[in-house]
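Some notes on the structure that comes next.
Protein chains: 2
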Amino acid sequence: MTTGRVFIATSLDGYVARKDHSLDWLMKQPQGPDDTGYEAFVETIDGLVMGRGSYETVKGFGTWPYTKPVVVLSKTLSQSDVPAELQDKVRTVDLSPKAAMDMLHAEGWTKAYVDGGRLVQSFMREGLIEELVITTIPILIGQGISLFGELPQDIDLELVSSKVLNENMVQSHYRVER
Amino acid sequence: MTTGRVFIATSLDGYVARKDHSLDWLMKQPQGPDDTGYEAFVETIDGLVMGRGSYETVKGFGTWPYTKPVVVLSKTLSQSDVPAELQDKVRTVDLSPKAAMDMLHAEGWTKAYVDGGRLVQSFMREGLIEELVITTIPILIGQGISLFGELPQDIDLELVSSKVLNENMVQSHYRVER
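First to last, the protein sequences are chains A and B. Just so we're aligned, residue 0 is where the first sequence starts under numbering that gives the first Met the number 0, counting upward by one. Just so we're aligned, residue 0 is where the second sequence starts under numbering that gives the first Met the number 0, counting upward by one.
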């Protein structure tokens, strides 16, 4: 089975982006020398799965940041909407989280980086997330897109490790208990 | 000015209690040898300020756990509702957060322990919280009473310290930037 991994930053009040997807609150944080572990994390995954909102936000950056294949789950975006320069990097599929993971499993993926608040919520609800690395930014933004949402039942986690990055962020690594 | 301090446990998804105020998800966590710092924290405060919901929950424990004076902010609870054995420990006041802090300042309080999700939210909104110690429990409960709520604007925080307690909880200490 392909399992989902999350590597994401949230405000202390649990938002991954403002309602309009903006990340200004994150981008304004002072940079520091500490390794966030992002590169090492990306080495461990076969590719990314994201929703349309995250895809559009990342595409808006101008420079495509991912070297691994990206699968966009969307009911409305089709492959012909993807710009020519991204055609070999981005694939759109209209599948449920479970069906998408089954497809990726058949293709040989073992670990998928699941990105974006709404997608993480639906993957969590369906038990498709195995590990989360959450970097907590020292700011309250009051509203936005939450990392977590309603659940059919409690989910117990195991804390793998936690550390302070650049003296202002707390990065905690959790594993979902089965 | 009396400043508010928060010392609270939340689920990883940011809830301090279920909607019915229950804390079963917190109480079921394994106990460990590490000092949570609660006793040392209580030594620093002049007393507690809480809402009716928290007061009723704590009263339900049977044994009153606080040695410091408790002020309950409530529009509906009056002093005659407080049981005889708590009359010298609990005072009810029908005041706004700001007016309550002004009253406590006049009485010589410098640090008030502000407890309970709804009260912390309103004190945060009014800029009455100076420090927060948040212990994150490794569980997602999906819904409940949130520690944080909507805000008129972003609130920047400074991370004072963060540590792992009993191998499963992350306790982070924040100061509100002014």
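Even for Gly, the Cβ is constructed at its ideal location relative to N, Cα and C.
| query | result |
| --- | --- |
| How far does the alpha helix (DSSP H) with A/S53 in it reach, from first residue to last? | 51 to 58 |
| Residues of chain A with a CB under 8 Å from the CB of B/L22: which are they? | Those within 8 Å of B/L22 in chain A number zero; the least Cβ separation is about 13 Å. |
| Could you check what DSSP says for A/L9 in three-state terms: helix, strand or coil? | Sequence inspection shows Thr at residue 9 of chain A; the Leu mentioned does not correspond to that position. The answer is strand: DSSP assigns A/T9 an E or B state. |
| Under 8 Å between beta-carbons, which chain A residues line up against B/V71? List them in chain order, please. | The contacting residues do not exist; B/V71 stays about 26 Å from chain A at best. |
| Taking all protein chains shown into account, do 16 or more other C-beta atoms lie within 10 angstroms of the C-beta of A/T1, making it buried, or fewer, making it exposed? | buried |
| For B/Y37, is the classification buried or exposed, using 16 other Cβ atoms within 10 angstroms of its Cβ as the cut-off for buried? | exposed |
| Give the residues of chain B in contact with A/E166, contact being defined as C-beta atoms less than 8 Å apart. | L158 |
| Could you tell me whether the Cβ of A/F147 comes closer than 7 Å to any Cβ of chain B? | yes |
| Report the three-state DSSP secondary structure of A/E130 (helix, strand or coil). | strand |
| Can you tell me the Cβ-Cβ gap for B/K18 and B/I144, rounded? I've got them flagged as a contact below 8 Å. | 7 Å |
| Suppose you measure from the CA of B/I154 to the CA of B/K74; what does that come to, to the nearest Å? | 28 Å |
| Going along chain B in order, which residues have a C-beta closer than 7 Å to the C-beta of A/I140? | D153 |
| On the three-pair Cβ rule with 8 Å, is the region 37 to 51 of chain B touching the region 103 to 115 of chain B? | yes |
| Quick check on A/G13 - is its C-beta less than 7 Å from some C-beta in chain B? | yes |
| Should A/V169 be flagged as near chain B, meaning a C-beta pair shorter than 7 Å? | yes |
| For a cutoff of 7 Å on Cβ pairs, would you count B/V113 as touching chain A? | no |
| Looking only at its own chain, which residues have a Cβ that is under 8 Å from the Cβ of A/Q152, when we skip the five neighbours before and after it? | none |
| Could you work out which residue in B/T35, B/E55, B/A99 is closest to B/D80 when comparing CA atoms only? | B/E55 |
| List, in order along the chain, the chain B residues whose C-beta lies closer than 8 Å to that of A/Y173? | L11, P137 |
| Nearest CA to the CA of A/T62: which residue from A/G52, A/A16, A/P82? | A/P82 |
| Cβ of A/L118 less than 7 Å from any chain B Cβ? | no |
| Per DSSP, A/A16 is paired with what? | A/I144 |
| Decide if the region 93 to 103 of chain A is in contact with the region 135 to 144 of chain A; the criterion is three or more beta carbon pairs, one per stretch, under 8 Å apart. | no |
| Examine chain B for any beta-carbon lying closer than 7 Å to the beta-carbon of A/L127, and answer yes or no. | no |
| Report the residue from B/E149, B/R90, B/D12, B/G116 whose alpha carbon sits nearest the alpha carbon of B/I136. | B/D12 |
| Less than 7 Å between the C-beta atoms of B/I128 and B/V48, yes or no? | no |
| At 7 Å on the CB atoms, spell out the chain A contacts of B/L150, in chain order. | L139, G141 |
| Spell out whether any CB of chain B is found under 7 Å from the CB atom of A/S161. | yes |
| With DSSP collapsed to three states, give me the class of A/Y65. | coil |
| Which of the three DSSP states is assigned to A/D114 in this structure? | strand |
| Let me confirm a value: B/G31 is counted as buried when at least 16 other C-beta atoms fall within 10 Å, else exposed. Which label applies? | exposed |
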